[in-house]
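Worksheet: the structure to be examined is printed underneath.
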Amino acid sequence: MSTAKILVADDDRNICELLKLYLEKEDYSVVLAGNGEEALARFDEENPDLILLDVMMPKLDGWQVCRELRKKSECPIIMITAKGETFDKVLGLELGADDYVVKPFEPKEIIARIKAVMRRTGKASAETDKKEVSYDKLTVNMTKYELKVDGKVVDTPPKELELLFHLASNPNRVYTRDQLLDEVWGFEYYGDSRTVDVHIKRLREKLEGVSDKWSLKTVWGVGYKFEVKDE
450 MSTAKILVAD DDRNICELLK LYLEKEDYSV VLAGNGEEAL ARFDEENPDL ILLDVMMPKL
510 DGWQVCRELR KKSECPIIMI TAKGETFDKV LGLELGADDY VVKPFEPKEI IARIKAVMRR
570 TGKASAETDK KEVSYDKLTV NMTKYELKVD GKVVDTPPKE LELLFHLASN PNRVYTRDQL
630 LDEVWGFEYY GDSRTVDVHI KRLREKLEGV SDKWSLKTVW GVGYKFEVKD E
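Each residue of the sequence shown is one higher than the one before, starting from 450 at the first, in the numbering used here.
Here's what the structure looks like:
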């Protein structure tokens with residue numbers, strides 16, 4: 450397998466150099482950017498496999514960069530944030546980031562997060578899992594990252610798709626919010642389960658009234674399930 454390329458965007462030179470050192474030790478190839486504009490330019494030039502993106506940067510901050518990147522790419526993004534405001538974590542994930550780490554961090558933690566995100570997004574290896582689920586008037590295809598509702602493709606952010614795919618792959622199974630955070634987002638989310646609620650709400654808006662054979666159900670006091678009605 451060819452070496453994965455990682456774009457590190459941070460205005461702190463020391464952090465950039467430190468990360469470069471550790472990542473190269475793990476056989477990643479590393480591209481550096483010192484501000485948001487440079488991060489977008491380097492992304493276009495280098496086509497990296499993953500981005501480590503600092504939130505507080507000059508010219509464009511991490512949120513703006515994340516938003517711009519998501520318009521054109523599903524490249525995995527790990528946000529690097531200063532000691533965590535909950536709002537930041539939720540916002541980052543809503544904008545389509547795949548994970549976040551909080552400064553100060555252990556380089557070992559960053560490496561572990563990178564490997565986990567790459568595994569999850571299929572960058573690490575081709576997965577042989579089934580990649581599509583279909584129900585009445587609904588198809589979720591994870592090879593194309595595509596949601597079809599009543600035959601039409603509906604524009605859907607990656608995390609919403611992953612959440613729907615996870616629930617629909619396990620019909621009638623009830624998941625707690627923490628399980629969903631762990632299994633879909635792939636990291637412990639320090640009890641902030643609003644992210645799941647926000648994503649479920651947005652999915653419901655897209656799926657409202659499409660079919661009476663299935664539905665996204667809230668199980669009060671527990672979590673959510675993809676309910677399929679018996680014929």
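By construction, the Cβ of each residue, glycine as well, lies at the ideal position given by its N, Cα and C atoms.
Using the three-state DSSP reduction, which class does residue i fall into: helix, strand or coil?
| i | result |
| --- | --- |
| Gly511 | helix |
| Trp669 | coil |
| Thr530 | strand |
| Lys593 | coil |
| Lys678 | coil |
| Ser618 | helix |
| Glu611 | helix |
| Lys557 | helix |
| Tyr477 | coil |
| Val397 | As shown, the chain starts at 450 and ends at 680. That puts residue 397 outside it, with no answer to give. |
Residue i: buried (16+ other C-beta within 10 angstroms of its C-beta) or exposed?
| i | result |
| --- | --- |
| Val671 | exposed |
| Pro620 | exposed |
| Leu656 | buried |
| Gly668 | Per the sequence shown, the amino acid found at residue 668 is Val instead of Gly. So Val668 ends up on the exposed side. |
| Pro507 | exposed |
Give me, in chain order, the residues of the same chain whose beta-carbon lies closer than 6 Å to that of residue i; leave out the 5 immediate sequence neighbours on both sides.
| i | result |
| --- | --- |
| Arg519 | Gly545 |
| Ser451 | Confidence at Ser451 is low in this model, with a pLDDT of 47, below 50, so its placement is unreliable and the value that follows should be read with caution. Closer than 6 Å at Cβ, skipping near neighbours: no residue. |
| Leu616 | Phe675 |
Among the residues of its own chain, which have a CB less than 7 Å from the CB of residue i, if the five just before and after it don't count?
| i | result |
| --- | --- |
| Lys666 | Tyr673, Lys674, Glu676 |
Could you tell me whether any Cβ in chain B is nearer than 8 Å to the Cβ of residue i?
| i | result |
| --- | --- |
| Lys662 | Chain labels in this structure do not include chain B; a single protein chain is all it has. |
*What are the uninterrupted segments assigned as alpha helix (DSSP H) that are 4 or more residues long and contained completely in the region 620-661, given in chain order?*
Those alpha helix (DSSP H) runs which fall completely within the region 620-661 and span 4+ residues are 626-629, 643-656.
_Closer than 8 Å is the cut-off here; do at least three beta carbon pairs connect the region 593-611 with the region 499-514?_
no
*Does the region 522-531 touch the region 470-481, meaning 3 or more C-beta pairs lie closer than 8 Å?*
no
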